[in-house]
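Chains as they are written, first to last, in our numbering: chain A, 93 to 242; chain B, 93 to 242. From the three backbone atoms N, C-alpha and C, an ideal C-beta is built for every residue, glycine too. Since the structure comes first, as structure tokens, the remarks are kept for the end.
2 protein chains.
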Amino acid sequence: MNVGRRVDYAVRALSFLAGQPSGAVVSRADIEKSQDVPSFYLSKIMKDLVAGGLVQSHIGSKGGFTLAKSAGAISIKDIYETVERPLVLMECLDQGSNYCSYCAVCTQKSVWEEAQTVLANFLAGVTIADIADRQGMKGRMAKPAIQRAG
Amino acid sequence: MNVGRRVDYAVRALSFLAGQPSGAVVSRADIEKSQDVPSFYLSKIMKDLVAGGLVQSHIGSKGGFTLAKSAGAISIKDIYETVERPLVLMECLDQGSNYCSYCAVCTQKSVWEEAQTVLANFLAGVTIADIADRQGMKGRMAKPAIQRAG
DNA sequence: ACATAGTAGACCTAACGAGTCTATATTCAA
DNA sequence: TTGAATATAGACTCGTTAGGTCTACTATGT
């Protein structure tokens, strides 16, 4: 029931990318340094992010990463599911009778189903843009209105 | 971000106890059998439930367990926190700078905080009574009209 | 050509979840 | 008083996962 470092790091990386000038390519190592992520660890996470279509990679010298879509189109739920797993609160919601033979008559299943929906809806409503905006504000001592390619 | 078997088993056990005639004492083995919980596994869970004040134990021959409070006063959140851990979505919400040195200026912290609140509120609003009622209804092939505390 | 990236994957370790079992203390009832 | 039945406490195993580290390989800009 808790969110691990992978998601934390992914959110940081994405927010950092969102805060770059439009078109700027940032390397793995730069993100790691600026966001205090252990060396090399981001390589696996970025791979997932690329595979999930949230980030675009640029191989080769002067390569690195950019966002593959606008920050406002990347929700926390997207990120979680991309770098971790589908947002499922209890396995039975995914695996049904494979997980528990009483699935058909289970009386708590719907509780978890609803809880999951509530959580997923919330997380789907928060985007990297929301987080990056706040980051910008804190960073520059609150100059509002950050523009970004969208 | 998912809920393990302990919570599942605890909910089953509690619902089962809630469905007993008032005052009936049920043994660990009986609960395990009726609820399809692996032998002996419940002993540790019930211990937590007793320690948490959700269940009352009766040692000795003809001993067993009864609910320590009314089913309507036992929420899913209570159960989760009793048999697993405090409901915390991200460690930084609990450990602050111990977990992440950027805690003070973190821009995603509040997102998890809100998500956690949303989830906790929902889970605090569902009780064993809600689940046991439905169980009874299913058992008795009864009427639609599911009630839930909201 | 070559330095500089990402890509893919191996590898390690500690912790955790799930499950099993046993020794002990306690209590009921014959 | 004795013995069976019960919770309690904790040891123990085993497989999986999270978190982290590193290296060989491939692609590419200059």
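- Message: Assuming contact is defined by CB atoms lying nearer than 8 Å, are Ile137 of chain A and Val218 of chain A in contact in what I supplied?
- Response: no
- Gly231 of chain B burial status per 10 Å Cβ neighbour count (16 or more: buried): Note that Gly231 of chain B scores 46 on pLDDT, short of 50, meaning its location in the model is unreliable; the coordinates nonetheless yield the value given after this. Result: exposed.
- At what residues does the alpha helix (DSSP H) containing Thr174 of chain B begin and finish? Ile168 to Val175
- Kindly say whether Phe108 of chain B, judged by its beta-carbon, lies nearer than 8 Å to any beta-carbon of chain A. no
- Query: Leaving out five residues before and five after Glu173 of chain A in sequence, what residues of the same chain have Cβ atoms less than 7 Å from its Cβ?
  - Reply: Leu179
- Message: Assess contact between the segment 93-107 of chain A and the segment 180-194 of chain B, defined as three or more Cβ pairs (one per stretch) separated by less than 8 Å. Is contact present?
- Response: yes
- Task: Would you please verify whether the beta carbon of Arg226 of chain A is less than 8 Å from any beta carbon of chain B?
- Result: yes
- Task: Taking only the alpha-carbon atoms, compute the straight-line gap between Ile151 of chain B and Gly188 of chain A and give it to the nearest angstrom.
- Result: 37 Å
- Query: Using the C-alpha atoms, what's the distance from Glu176 of chain A back to Cys198 of chain B?
  - Reply: 21 Å
- Message: What does the Cβ neighbour count give for Phe108 of chain A, buried or exposed, with the cut at 16 atoms within 10 Å?
- Response: buried
- the segment 147-166 of chain B / the segment 103-120 of chain B touching (three or more Cβ pairs under 8 Å): yes
- On the three-pair Cβ rule with 8 Å, is the segment 192-212 of chain A touching the segment 116-125 of chain B? no
- Spell out whether any CB of chain B is found under 8 Å from the CB atom of Ala143 of chain A. no
- Query: beta strand (DSSP E) containing Gln208 of chain B: first to last residue?
  - Reply: Element bounds for Gln208 of chain B: not the beta strand (DSSP E) but the alpha helix (DSSP H), Lys201 to Ala216.
- Query: Sorted by chain position, which residues of the same chain lie with C-beta nearer than 6 Å to Tyr101 of chain A's C-beta, five sequence neighbours on each side aside?
  - Reply: Val129 and Ile137
- Query: If we cut at 8 Å on Cβ distances, does Gln187 of chain B have a partner in chain A?
  - Reply: no
- Item | Closer than 8 Å to chain B by CB, Thr199 of chain A | yes
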